[in-house]
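To start, the structure under review is shown below, and the notes come after it.
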Amino acid sequence: MCVPVLTRAQEPYREREARALFEAGQEAYMQADFEGALQSFQRAYELSQRRELLFNCAQAADRMREDHVALEYYRRFLNGAPESEPRRVAESRVEFLTRLEEEANDTSSEARTT
Numbered sequence: 030m031c032v033p034v035l036t037r038a039q040e041p042y043r044e045r046e047a048r049a050l051f052e053a054g055q056e057a058y059m060q061a062d063f064e065g066a067l068q069s070f071q072r073a074y075e076l077s078q079r080r081e082l083l084f085n086c087a088q089a090a091d092r093m094r095e096d097h098v099a100l101e102y103y104r105r106f107l108n109g110a111p112e113s114e115p116r117r118v119a120e121s122r123v124e125f126l127t128r129l130e131e132e133a134n135d136t137s138s139e140a141r142t143t
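In this text, residue positions in the sequence shown follow my numbering: the first is 30, and each later residue adds one.
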């Protein structure tokens with residue numbers, strides 16, 4: 030099995046590219062282009078593996094009402110995230126979105142039994 034290894038020359042390029050994608054994601058988010066923002070944040074995360082980008086991905090998916098996608102990103106962000114305002118927001122959103130998911134499952138179960 031081969032494991033990709035970054036050379037020192039590649040590392041700054043990846044960081045610059047991740048930064049540019051993050052900035053593009055921020056701009057898209059501010060313009061309410063949440064799908065574009067999510068794509069940029071996802072790609073930036075792939076390049077940099079910076080945990081904070083998972084929160085950005087979650088926020089963009091949340092704004093698109095892609096609840097399941099947002100929930101997954103919030104959970105990934107929380108796995109090892111330090112105590113912070115984004116962590117508190119993520120915990121609150123996980124609680125809310127989990128409750129929505131459970132209610133939707135209950136409603137669909139009731140509909141099938143009637």
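Beta carbons are placed, not taken as given, at the ideal position from N, Cα and C, and that holds for glycine.
In this structure, F106 places its C-beta atom within 9 Å of the C-beta atom of P115. In the DSSP annotation of this structure, N108 is not part of any alpha helix (DSSP H), being labelled neither H nor E. Secondary structure note for D91: its alpha helix (DSSP H) is the uninterrupted segment 80 to 92.
Using a Cβ distance threshold of 9 Å, F51 and F70 count as a contacting pair. Here Q60 carries a coil assignment [DSSP, helix/strand/coil].
With contacts defined as CB atoms closer than 9 Å, R79 and A87 fail to qualify as a contacting pair.
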